[in-house]
Structures are given as structure tokens and as C-alpha cells.
Amino acid sequence: APKKPRAAGPQARELASPELLAPARFALEMYNRGRAAGTRAALRAVRGRVRRAGRGSLYSLKATLVEPPCNDPTVCQLPISKKTLLCSFEVLDELGKHMLLRRDCGPVDTKVTGAGTAQDAGRAQVTPHVGFSPNSSLLEPSPDDTNETFSSFLPLLNKDPLPQDFSVKMASIFKEFVTTYNRTYDTKEEARWRMSVFANNMVRAQKIQALDTGTARYGVTKFSDLTEEEFRTIYLNPLLQEEPGRKMRLAKSVSSL
Amino acid sequence: PPPEWDWRKKGAVTKVKDQGMCGSCWAFSVTGNVEGQWFLKQGTLLSLSEQELLDCDKVDKGCMGGLPSNAYSAIKTLGGLETEDDYSYRGHLQTCSFNAEKAKVYINDSVELSQNEQKLAAWLAEKGPISVAINAFGMQFYRHGISHPLRPLCSPWLIDHAVLLVGYGNRSATPFWAIKNSWGTDWGEEGYYYLYRGSGACGVNIMASSAVVN
Chain A
15 APKKPRAAGP QARELASPEL LAPARFALEM YNRGRAAGTR AALRAVRGRV
65 RRAGRGSLYS LKATLVEPPC NDPTVCQLPI SKKTLLCSFE VLDELGKHML
115 LRRDCGPVDT KVTGAGTAQD AGRAQVTPHV GFSPNSSLLE PSPDDTNETF
165 SSFLPLLNKD PLPQDFSVKM ASIFKEFVTT YNRTYDTKEE ARWRMSVFAN
215 NMVRAQKIQA LDTGTARYGV TKFSDLTEEE FRTIYLNPLL QEEPGRKMRL
265 AKSVSSL
Chain B
62 PPPEWDWRKK GAVTKVKDQG MCGSCWAFSV TGNVEGQWFL KQGTLLSLSE
112 QELLDCDKVD KGCMGGLPSN AYSAIKTLGG LETEDDYSYR GHLQTCSFNA
162 EKAKVYINDS VELSQNEQKL AAWLAEKGPI SVAINAFGMQ FYRHGISHPL
212 RPLCSPWLID HAVLLVGYGN RSATPFWAIK NSWGTDWGEE GYYYLYRGSG
262 ACGVNIMASS AVVN
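Listed in order, the protein sequences are those of chains A and B.
Using the numbering used here, read the first sequence as starting at 15 and increasing by one per residue.
Using the numbering used here, read the second sequence as starting at 62 and increasing by one per residue.
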């Protein structure tokens with residue numbers, strides 16, 4: 015899909031580093047919640063965009079985090095060689111209150127080159143590990159930061175280990191998806207990438223399901239092999255967030271006709 | 062308003078369409094509304110052209126998005142809408158080839174509707190389907206049922222998708238809006254999305270509008 019022109023106002027625009035620090039620090043704080051001192055990840059680099067509308071701002075951040083070395087193999091979450099993480103965060107800032115809407119972190123296999131510090135907001139040249147990202151989640155905001163809290167159930171979602179046969183099951187569901195929606199991919203690499211997107215999306219759908227208070231069911235749809243960004247770019251309409259175009263007169267309500 | 066209403070059962074709604082890989086939801090939302098208004102005023106249900114709006118509404122941005130308020134204005138300025146058969150949907154921008162002689166419907170004006178969902182329901186039951194815009198949170202994976210995301214996840218100020226309210230009611234005491242989407246019948250409930258009604262879920266009440274046909 016062609017890239018949309020970025021303009022001022024509520025459309026997304028690249029930000030200079032100082033503006034990113036507050037939402038990035040908040041995202042890091044959320045990431046590190048519950049961890050003891052000395053085991054917390056540090057922010058190495060961040061870049062991002064903001065969309066502003068109404069009373070709030072939505073920050074889309076790409077951050078490189080560094081996990082401290084893990085000395086106890088029984089509790090280490092990542093192999094020693096994968097201490098660097100590439101994370102996507104979405105942070106909502108409404109009237110000065112931050113809320114983490116999305117976190118998607120994956121280990122980086124290769125060495126980070128050219129990454130700056132959080133201070134200089136350098137841009138990390140990293141190769142994300144292709145595979146499932148079980149940490150992909152909609153995170154709960156701190157009870158201090160919002161009136162509505164999801165903390166009662168989200169930690170469970172975030173920490174539940176994935177079943178051992180997750181990859182096998184996911185491959186089977188993906189195969190069914192490809193058949194049902196008649197998908198073809200140009201290369202094996204693309205197929206592998208689409209499958210990893212699909213698997214991530216299934217985790218996302220599961221979390222959206224857990225956060226829905228109605229009767230809706232979420233799962234595989236014809237859009238399941240698209241990243242969130244692709245879906246937004248192709249199918250959605252960012253102009254609706256701008257000020258309404260032409261002013262229309264107010265309709266009389268039917269009771270007063 | 063009556064406890065439930067469904068314009069599909071009254072013949073005011075055309076079949077679900079598919080916008081394809083194009084951000085033209087705004088055009089589908091507006092043509093859906095005009096189809097309903099024309100049916101109610103003239104008694105004929107015509108499937109109208111979104112491609113005409115994509116190509117000829119120069120204020121909006123075609124597949125990059127648009128606003129219903131601008132689209133109504135374009136329909137008035139152009140002199141009406143052609144039918145789907147005469148000006149078929151292609152899903153990408155083309156040169157405007159609107160032919161005024163082929164225009165089958167016109168509109169006289171457009172109005173902004175109340176943000177009160179009770180009033181919206183009353184308006185819908187009496188006046189016809191309503192063009193609205195919503196935050197599309199979760200819709201990428203929606204399959205069926207009444208969607209009711211927690212408010213912080215579906216903020217009313219992050220509106221990014223235009224759709225058409227065609228009815229409302231209750232399913233097992235859960236109030237809903239029946240929403241015609243433009244992603245084909247192989248999405249949602251035969252192309253329809255059901256959203257919780259009464260709490261301003263996903264900003265459904267923020268940008269309600271309609272064309273006026275005299």
C-alpha cells in the first residue's frame with residue numbers, strides 16, 4: 015500500500031527525542047513492573063511517532079531494551095545471547111495520564127549497530143528474531159493512571175506459558191487460513207513471515223477477546239495475516255480523526271419535529 | 062424509540078459491499094445512507110456508486126480516506142449519484158467520469174445528528190439508516206456477537222472507520238447497534254458488525270450524519 019503523506023495535526027508524525035522520553039519512560043516502567051532492582055530492563059534507544067486528536071496523543075514507539083545479564087538459569091526468561099529486545103509500544107496520553115495500550119517485544123538475534131542512547135534517540139539497526147512473540151499483549155495501565163483497570167486478569171494472560179505444541183497447532187490453523195481465504199505468498203520467506211504475523215495476531219485476538227465485555231467472538235478472519243500497521247494503512251481511514259470537514263447543520267431530533 | 066428496529070427487514074438496505082484494499086469506507090458509509098434516504102423518500106432501493114465519490118470528490122482523498130460531510134457536499138455539487146451498475150467500483154482512484162445524465166439520485170442537504178444514542182435510535186427508526194464513524198479496535202479479528210471493548214481500548218477520539226447504522230435491538234438483554242460494514246460478506250456476521258449500544262462504545266455516537274432528500 016502506498017505510504018500516506020504525514021501532515022501536522024492529528025495524523026502521525028515523527029517526533030524529536032525529547033518528546034518521546036516521557037511516553038518511553040512510562041512504557042519502560044510498565045515493562046519493568048514487579049521486577050526487583052537489578053533485574054530491570056534499560057532503555058537503549060527509542061524512536062516513534064505521535065498522532066494527536068482531541069484531548070490526547072497516541073505515541074507509537076519502537077524501542078530497544080537491554081535486559082540485565084541473568085545469572086540464574088532456572089529463572090532466566092531469555093537465553094544469555096538474547097539480552098536485547100526490540101519492542102513496539104503504543105502509549106496513550108490523555109490529559110497528562112499515560113496508559114500502555116500495546117506492547118510487543120521480541121528478542122534481537124544480531125548485534126545492535128548504530129544504536130544511540132535514549133538521550134540522543136538514535137535509531138537502532140536491528141534484525142528482529144522471526145518467530146512467535148508470546149509477550150505481545152495489551153497491557154494493563156497502572157491503577158494510578160486510569161479509572162478502569164484490567165490488572166485482575168491481564169497479568170495472567172501475559173505470564174501464562176504458551177503450550178508446548180503451540181507452533182504445531184498454529185501451523186495447522188495457518189494452513190487452514192491459507193486454504194479458506196485462498197492466500198498465496200511469493201516466497202517461502204514471505205510465507206514464514208506471514209505465519210509469524212498470523213500467530214502474533216492470534217495472541218492479540220485472544221487478548222482482545224479477554225477484554226471484551228460483550229458477547230463478541232474474535233479469532234481468525236480474512237485479515238489475520240496482516241500486521242496492525244498494514245491493516246490500519248490499507249483498510250482504515252485516518253482522516254476521520256481530523257476536524258470534521260464541512261460543517262453541517264444540526265438535525266432536529268424526531269421528538270421535537 | 063421503538064425497542065428494536067431493522068431497516069434490512071424493510072428493504073432499505075442494499076447487499077453488503079467490499080471496499081477491497083482501499084480506505085474508502087467513508088464513501089460506502091455515505092452511499093449506504095443515501096440509498097436508505099432515497100428508498101424512504103422515493104420508494105426505490107438503488108445500489109449507488111462509491112467509485113464516483115472516490116474519483117470525483119476532490120476534497121476527500123480517495124483510498125487514503127475521506128469525511129462523510131465532504132462527500133455529501135460533493136454529491137450536491139456534482140448533481141447526484143450514479144448507480145453501481147453505471148459507475149462500478151474498482152477500489153482505486155481513476156479519472157472522474159461522472160455523467161450528470163446518468164445520475165439517478167440527488168440529495169438536497171445533509172445534517173449532523175445528536176450524540177445521544179437514544180435520540181439516534183429514535184432518528185434511525187423514523188428517518189432511516191445513519192452514517193457513523195467508529196474506532197475500529199478489534200474489528201480486524203471480529204467474527205460475531207456484540208462487541209463491547211473496554212473504553213480505554215476503544216477511545217471515542219481515535220475514530221478511524223466509517224460505517225452505516227441500519228438497526229438496533231437487544232440480544233439476551235444486551236443492547237446493540239446493527240452496523241453494515243464494507244469488508245464483504247466473508248467478514249463478521251455476513252458482513253455486519255454488532256456493537257454495544259448505550260455507552261458511546263468506540264465513539265459510535267460522535268460523528269453521526271445523514272443526507273436529506275426532499
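Every residue gets a Cβ at the ideal spot worked out from N, C-alpha and C, and that includes glycine.
Could you check how far apart the C-beta atoms of Gly97(B) and Gly189(B) are, in whole angstroms? I think they sit under 8 Å. Taking the second sequence and counting its residues from 1, one reaches residue 97(B) at position 36. Taking the second sequence and counting its residues from 1, one reaches residue 189(B) at position 128. With 8 Å as the limit, Gly97(B) and Gly189(B) qualify as a contact, their Cβ atoms being about 4 Å apart.
Quick one: what's got a C-beta closer than 6 Å to Phe198(B)'s C-beta in the same chain, skipping five residues either side? Translated into the one-based positions of the second sequence, residue 198(B) becomes position 137. Counting only Cβ-Cβ distances below 6 Å, and skipping sequence neighbours, we find Pro210, Leu214 and Cys215.
Under the three-state reduction of DSSP, which class applies to Thr124(A): helix, strand or coil? If you number the first sequence from 1, residue 124(A) lands on position 110. Confidence is the limiting factor: at Thr124(A) the pLDDT is only 43, short of 50, which leaves the residue's position unreliable, though a coordinate-based value still follows. In this structure, Thr124(A) counts as coil in the three-state DSSP scheme.
Sub-8 Å separation of Tyr255(B) and Ile220(B) beta-carbons: Taking the second sequence and counting its residues from 1, one reaches residue 255(B) at position 194. Taking the second sequence and counting its residues from 1, one reaches residue 220(B) at position 159. Their beta carbons are not under 8 Å apart, which means Tyr255(B) does not touch Ile220(B) by this criterion.
With burial defined as no fewer than 16 other Cβ atoms inside 10 Å of the residue's Cβ, what is the status of Gln155(B): buried or exposed? One-based indexing of the second sequence puts residue 155(B) at position 94. Result: exposed.
Under 7 Å Cβ-Cβ, which residues of chain B neighbour Gly62(A)? By one-based count along the first sequence, residue 62(A) stands at place 48. The premise fails here: Gly62(A) is roughly 16 Å from chain B at the closest Cβ pair, so nothing lies under 7 Å.
Return yes when the Cβ of Ala265(A) is within less than 8 Å of the Cβ of Glu173(B), no when it is not. The count along the second sequence starts at 1 and reaches residue 173(B) at position 112. The count along the first sequence starts at 1 and reaches residue 265(A) at position 251. In contact: Glu173(B) and Ala265(A) (Cβ atoms closer than 8 Å).
So, is the C-beta of Pro37(A) closer than 8 Å to a C-beta in chain B? Position 23 of the first sequence, counted from the start, is the residue given in the question as residue 37(A). Pro37(A) does not count as touching chain B.
Label Pro11(A) either buried or exposed according to how many other C-beta atoms from any shown protein chain fall within 10 Å of its C-beta, with 16 as the threshold for buried. As displayed, chain A neither begins before 15 nor continues past 271, which places residue 11(A) out of reach and without an answer.
The alpha helix (DSSP H) that contains Thr156(B), what's its start and end? Translated into the one-based positions of the second sequence, residue 156(B) becomes position 95. Thr156(B) -> no alpha helix (DSSP H), and no H or E assigned at all.
Could you tell me if Val182(A) is buried or exposed, where buried requires 16 or more neighbouring beta carbons within 10 angstroms of its beta carbon? Sequence index remark: in the first sequence, residue 182(A) carries index 168 (1-based). Exposed.
Using the beta-carbon of each residue, which ones in chain B are nearer than 8 Å to Asn215(A)? What you label residue 215(A) is simply residue 201 of the first sequence in a count that begins at 1. Near Asn215(A) (Cβ distances below 8 Å), the residues of chain B are Gln201 and Phe202.
State the DSSP-derived secondary structure class of Met113(A), mapped to helix, strand or coil. Counting from 1 along the first sequence, the entry for residue 113(A) is found at position 99. If DSSP states are grouped into helix, strand and coil, Met113(A) belongs with the strands.
Could you say if the region 125 to 134 of chain B and the region 239 to 255 of chain B meet the contact criterion of at least three C-beta pairs nearer than 8 Å? no
Flag Ala272(B) as yes if its beta-carbon sits less than 8 Å from any beta-carbon of chain A, otherwise no. Taking the second sequence and counting its residues from 1, the one referred to as residue 272(B) is at position 211. Not closer than 8 Å to any Cβ of chain A, the Cβ of Ala272(B) fails to qualify, so no.
Hey, how far is the Cα of Pro82(A) from the Cα of Gly70(A)? Residue 82(A) sits at position 68 when you count from the first residue of the first sequence. Residue 70(A) sits at position 56 when you count from the first residue of the first sequence. Between Pro82(A) and Gly70(A), the C-alpha separation is close to 34 Å.
Run down chain A in chain order and give the residues with a C-beta less than 8 Å from the C-beta of Trp87(B). Here the question's residue 87(B) lines up with position 26 in the second sequence. Ordered by position in chain A, the residues that pass the 8 Å Cβ test against Trp87(B) are Asn251, Leu253 and Leu254.
In angstroms, rounded to a whole number, what distance separates the CA positions of Leu240(A) and Ser85(B)? Counting from one through the first sequence, the residue named residue 240(A) turns up at place 226. Counting from one through the second sequence, the residue named residue 85(B) turns up at place 24. Leu240(A) and Ser85(B): Cα-Cα distance of roughly 18 Å.
Of the residues Lys111(A), Val64(A), Arg117(A) and Leu42(A), the one placed nearest Val80(A), counting alpha carbons only: Reading the first sequence from its first residue, position 66 is the one you call residue 80(A). Out of Lys111(A), Val64(A), Arg117(A) and Leu42(A), Leu42(A) has the C-alpha closest to the C-alpha of Val80(A).
Below-8 Å beta-carbon distance, Ala73(B) vs any chain A residue: Translated into positions along the second sequence, residue 73(B) becomes position 12. By this cut-off, Ala73(B) is not an interface position.
My guess is that Val77(B) and Gly252(B) are in contact by the Cβ rule of under 8 Å, so how many angstroms apart are they, rounded? Residue numbering aside, residue 77(B) sits at position 16 when the second sequence is read from its first letter. Residue numbering aside, residue 252(B) sits at position 191 when the second sequence is read from its first letter. Between Gly252(B) and Val77(B) the Cβ distance is about 3 Å, and since that is below 8 Å, they are a contact.
Label Asn215(A) either buried or exposed according to how many other C-beta atoms from any shown protein chain fall within 10 Å of its C-beta, with 16 as the threshold for buried. What you label residue 215(A) is simply residue 201 of the first sequence in a count that begins at 1. Label assigned to Asn215(A): buried.
Kindly list, in the order they appear in chain A, the residues whose Cβ is closer than 8 Å to that of Val91(B). Sequence index remark: in the second sequence, residue 91(B) carries index 30 (1-based). Those do not exist, as Val91(B) stays about 12 Å from chain A at its closest Cβ, beyond 8 Å.
Would you mind listing the beta strand (DSSP E) stretches within the region 166 to 252 of chain A that are 3+ residues and don't spill past its ends, in chain order? none
So is Gly120(A) buried or exposed if we call it buried at 16+ other beta carbons inside 10 Å? Numbered from its first residue, the first sequence carries residue 120(A) at position 106. Flag for Gly120(A) reads buried.
Locate the beta strand (DSSP E) running through Gly228(B), then write down its first and last residues. Working through the second sequence from its first residue, we reach residue 228(B) at position 167. Unbroken beta strand (DSSP E) run through Gly228(B): His222 to Arg232.
Chain A beta carbons: is any one of them nearer than 8 Å to that of Tyr253(B)? Numbered from its first residue, the second sequence carries residue 253(B) at position 192. So, not an interface residue.
Proximity winner among Asn160(B), Glu111(B) and Ile195(B), relative to Glu295(B) (alpha-carbon distances): No answer is possible for residue 295(B): it lies beyond the span of chain B, which begins at 62 and ends at 275.
Quick one: residues in its chain with C-beta nearer than 7 Å to the C-beta of Lys163(B), no 5 flanking neighbours on either side, listed in chain order? Here residue 163(B) is taken as the residue at index 102 of the second sequence, counted from 1. Here the set comprises Glu143 and Asp147.
Run through chain B and tell me which residues come within less than 9 Å of Ser238(A), C-beta to C-beta. Working through the first sequence from its first residue, we reach residue 238(A) at position 224. Neighbours of Ser238(A) on chain B, chain order: Gln201 and Phe202.
Between the C-alpha atoms of Leu253(A) and Gly52(A), what's the straight-line distance to the nearest angstrom? If you number the first sequence from 1, residue 253(A) lands on position 239. If you number the first sequence from 1, residue 52(A) lands on position 38. Their backbone Cα atoms lie some 45 Å apart in a straight line.
Under 7 Å Cβ-Cβ, which residues of chain B neighbour Ala41(A)? Taking the first residue of the first sequence as 1, we reach residue 41(A) at position 27. The premise fails here: Ala41(A) is roughly 15 Å from chain B at the closest Cβ pair, so nothing lies under 7 Å.
Residues near Leu72(A) by beta carbon distance below 6 Å, same chain, minus five either side: Here residue 72(A) is taken as the residue at index 58 of the first sequence, counted from 1. So the list reads Arg65 and Leu106, once near-sequence residues are dropped.
Please report whether the beta-carbon of Phe274(A) lies at a distance below 8 Å from any beta-carbon of chain B. Look at the range of chain A in this structure, 15 to 271, and you will see that residue 274(A) is not part of it.
Helix or strand or just coil, what does DSSP make of Asp158(A)? Taking the first sequence and counting its residues from 1, the one referred to as residue 158(A) is at position 144. Interpretation of Asp158(A) is limited by its pLDDT of 32, a score under 50 that renders its predicted location unreliable; no figure is taken from the coordinates.
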